[in-house]
Every structure is written in C-alpha cells, then in structure tokens.
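If you read the protein sequences in the order shown, they are chains A and P. Numbering follows UniProt numbering, with no gaps: position 40 of the first sequence is 40. Numbering follows UniProt numbering, with no gaps: position 94 of the second sequence is 94. Each residue gets a CB set at the ideal place from its N, CA and C atoms; glycine is no exception. So the structure is just underneath, and the comments pick up after that.
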Amino acid sequence: MVLLSAPRWLRSRLTDRFWRVQEVLKYARHFRGRKNRCYKLAVGSVRRAFVRSTKARREKKRFLRALWITRIEAASLEHGLKYPAFISNLLKSQVELNRKVIADLAIYEPKTFKSLAALAQRRRQEGFLAALGDGKEPEGIFSRMVRHY
Amino acid sequence: RYVRQLQRLQLLFSPTSADSRGARQFVEEAAVDFARQHPDVVLYVSPRSGRAPVLLAEYLNGTVREELINSKTSEEIVQLATKLAGQSGLDIIRIRKPFHTDNPSIQGQWHPLTNKPSALTVQGPRLQPK
Chain A
1 MVLLSAPRWL RSRLTDRFWR VQEVLKYARH FRGRKNRCYK LAVGSVRRAF VRSTKARREK
61 KRFLRALWIT RIEAASLEHG LKYPAFISNL LKSQVELNRK VIADLAIYEP KTFKSLAALA
121 QRRRQEGFLA ALGDGKEPEG IFSRMVRHY
Chain P
1 RYVRQLQRLQ LLFSPTSADS RGARQFVEEA AVDFARQHPD VVLYVSPRSG RAPVLLAEYL
61 NGTVREELIN SKTSEEIVQL ATKLAGQSGL DIIRIRKPFH TDNPSIQGQW HPLTNKPSAL
121 TVQGPRLQPK
C-alpha cells in the first residue's frame, strides 16, 4: 500500500534559492547602482529592461534608417547633390538600391558612389531639359525606362 | 565534402541508479545502431557509479557540451544525440549579423581626403597638373 499524502511532520525546505536568484541577477550584472546586486531591486529593473528591449526593436528600424539617410546626405553633399535630389533621380533612373546599401557603398566604395551621384546629376539635368525645353530636343538617354514583362 | 564537427560523444551513466535507466536502455539497444549510422563520431560508453547520467559532446573547435539525460527514454537520447551530431561547436548565442567579410572595402575605405582635390590636380599659378 503506497501512502499518497505525506504526514504532517514532514517539511520540505527550499534548497536552490541561490540559483533562482542568480537566474535573475545574471541579466542585471551590467546595471548601475544597487540594482546589480540586490534581488529585490533587480527583479523590477530586469523586467523593465526586457520590456524596453522588445519595444526598441521597432525603434531600431527607424533609427538605422535615419542614420543611413544622414550618411547618404553627407556623402552626396560632397559631390554637390542634396539628398532629395539624389534619391529621387536615382529612383527615376530605375536604380532601386535601398538606403542601407547606398550608405555602405558611400563608406566602402567611394568611387561607385561618385558614379551614382554623377548618374543622378545627369538624370536631373535631363529632367530639367524635358520640363523647361519642351521643344524639338531629343529625349534624354538616361531618362529611358526599361520595362520588364 | 562534408566534415562532421562532432568529434566524440561520451556517455557517462551509473549502472544502478534509476535515472540512468534510459541511458542503459540506449546502450543496450540503440547505441550500436547510432555508432553505425555516424561512422565519423567516436562513441565512448563508460558506466561510473554515483554519477548523474550525462552526454558529453566534444567538437572539432574544442567546445565541450554537457547534456543531462536524467530520466530520459532511449528514443529521446537518440534524438538528442543526433541533434548534437548535426551541430557545430560554435556557441549558441545570438548572431549579431548574418554576414561577415574580412575585406569589406575594395576601392579603398572612405576617409576625409578621398573627395578633396589633391596637390596633383590643383591648377594654380605655380603648380602644374601632371
């Protein structure tokens, strides 16, 4: 016959409190002040840190895009173009590079970026001619669109 | 050609304790089949009394991974062993970037003087461009 309920004089003690506390404190080791040592303060701080890190994943995308735009603006100003002109003319010439790639090119491949800036400049001039001239001048070469069907 | 990153698997268990029952069944039934299916992995079976059953995996880059197999059935140990055999020894942490290059720049990395005119190209009254 197996006894299913333990008698009243049997008590169980919590023996791995240390490891349960360390599970939380290991995420708080790089905090400032008593939050990195005291469990009571660390619990709340670790929970808030996790919540903030999940919410920040959405902000990270915005932040990085703003960073790329700043870098592209700086690089295109070196070649005498402003950022809106650069991006809009690149899109009109059917160069669909995203800002991350263009920013990396501006850092690691400056000559390629210079040629991209020249392409945007040329397309800009052709756009001006098409808008202002409106006569018998021939169509621009870089303004031709390639259709993929 | 594929080189398996798992070098050796050490199965340490106790011949008498209750939680090594799965490990003992694995040794009786499935260990030989596992060894035949993975010929490039060395399987060491060492019964030691008074020891919690553990599966030690050593990889070619030196990392050693211990997996507790307390109260696991033979099939679960087989699945665990095949999972370890398919892993490489790299640490299981978050990969920051899915790409890496040793030579990120081919045309030369940008520095503040890349797009500035140099002494060779300046046309002044005295300097002649080459």
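Worksheet item: With 16 as the cutoff for other CB atoms within 10 Å, does glycine 62 of chain P come out buried or exposed?
Response: Exposed, since its Cβ has fewer than 16 Cβ neighbours within 10 Å.
Worksheet item: Would the beta-carbon of valine 45 of chain P fall within 8 Å of that of alanine 31 of chain P?
Response: yes
Discussion item. Can you confirm whether proline 104 of chain P, when its beta carbon is compared against all beta carbons of chain A, has any partner nearer than 8 Å?
Written reply: Proline 104 of chain P counts as touching chain A.
Item to complete: Specify, as a first and last residue, the run of the alpha helix (DSSP H) that residue 182 of chain A falls within.
Response: With chain A running from 1 to 149 in the structure shown, residue 182 of chain A is simply not present.
Discussion item. Can you look up proline 138 of chain A in the DSSP assignment and give me helix, strand or coil?
Written reply: coil
Discussion item. Check whether chain P comes within 8 Å of tyrosine 108 of chain A, counting only Cβ atoms and requiring the distance to be less than that.
Written reply: Taking Cβ atoms only, chain P reaches closer than 8 Å to tyrosine 108 of chain A, which makes this a yes.
Worksheet item: For serine 115 of chain A versus glutamate 126 of chain A, is the C-beta spacing smaller than 8 Å?
Response: no
Discussion item. Please classify lysine 72 of chain P as buried or exposed, where buried requires at least 16 neighbouring CB atoms within 10 angstroms.
Written reply: buried
Discussion item. Which complete alpha helix (DSSP H) runs does the segment 3-39 of chain A hold, if anything under 4 residues is left out?
Written reply: 17-25
Discussion item. Among P/Leu9, P/Ser118, P/Ala35, P/Trp110, whose alpha-carbon lies nearest the alpha-carbon of leucine 56 of chain P?
Written reply: Checking every option, the nearest Cα to that of leucine 56 of chain P belongs to P/Leu9.
Worksheet item: How would you write the range of the beta strand (DSSP E) that arginine 65 of chain P sits in, first residue to last?
Response: 64-68
Worksheet item: Should the segment 61-81 of chain A be called in touch with the segment 31-48 of chain A, which here means at least 3 C-beta pairs below 8 Å?
Response: no
Worksheet entry | Nearest-angstrom Cα separation, counted from arginine 11 of chain A out to arginine 17 of chain A | 16 Å
Discussion item. Does chain A have any CB closer than 8 Å to the CB of glutamine 107 of chain P?
Written reply: Put simply, the CB of glutamine 107 of chain P is near chain A, with a gap under 8 Å to one of its CB atoms.
Worksheet entry | alpha helix (DSSP H) segment containing arginine 24 of chain P, residue limits | 21-25
Worksheet item: In angstroms, rounded to a whole number, what distance separates the CA positions of arginine 57 of chain A and glutamine 109 of chain P?
Response: 30 Å
Worksheet item: Exposed or buried, which one is residue 155 of chain P when buried takes at least 16 other CB atoms within 10 Å?
Response: Nothing about residue 155 of chain P can be read from this structure; chain P reaches only from 1 to 130.
Discussion item. Check whether chain P comes within 8 Å of lysine 100 of chain A, counting only Cβ atoms and requiring the distance to be less than that.
Written reply: no
Practice prompt. Anything in chain A within Cβ reach of threonine 114 of chain P, meaning under 7 Å, just list it in chain order.
Written response: Pro110
Worksheet item: Taking just the CA atoms, how far does tyrosine 39 of chain A sit from valine 21 of chain A?
Response: Using only the alpha carbons, I get a separation of about 7 Å.
Worksheet entry | Nearest neighbour of phenylalanine 34 of chain P, chosen from P/Ile93, P/Ser20, P/Leu11 [CA to CA] | Checking every option, the nearest Cα to that of phenylalanine 34 of chain P belongs to P/Leu11.
Worksheet item: At a Cβ threshold of 8 Å, is histidine 148 of chain A touching chain P?
Response: no
Worksheet item: Just reading off the beta strand (DSSP E) that alanine 57 of chain P is part of, what are its end residues?
Response: 54-59
Fill in: Beta-carbon proximity check, isoleucine 106 of chain P vs glutamate 96 of chain A, cutoff 8 Å
no
Worksheet item: Residues in its own chain within less than 7 Å of alanine 106 of chain A by CB, not counting five upstream and five downstream?
Response: Arg71, Ile72, Ala75, Phe113
Worksheet item: Secondary structure at arginine 99 of chain A, three-state DSSP: helix, strand or coil?
Response: Reduced to three states, the DSSP call for arginine 99 of chain A is helix.
Item to complete: Determine the DSSP secondary structure at phenylalanine 13 of chain P, reduced to helix, strand or coil.
Response: strand
Worksheet item: Do you know offhand how far glutamate 23 of chain A's Cα is from arginine 29 of chain A's?
Response: Across the structure, glutamate 23 of chain A and arginine 29 of chain A are spaced so that their CA atoms are roughly 11 Å apart.
Discussion item. Report the CB separation of lysine 92 of chain A from arginine 52 of chain A in whole angstroms; it is logged as a contact under 8 Å.
Written reply: Taking C-beta atoms under 8 Å as the contact rule, lysine 92 of chain A and arginine 52 of chain A fail to qualify, at a distance of about 41 Å.
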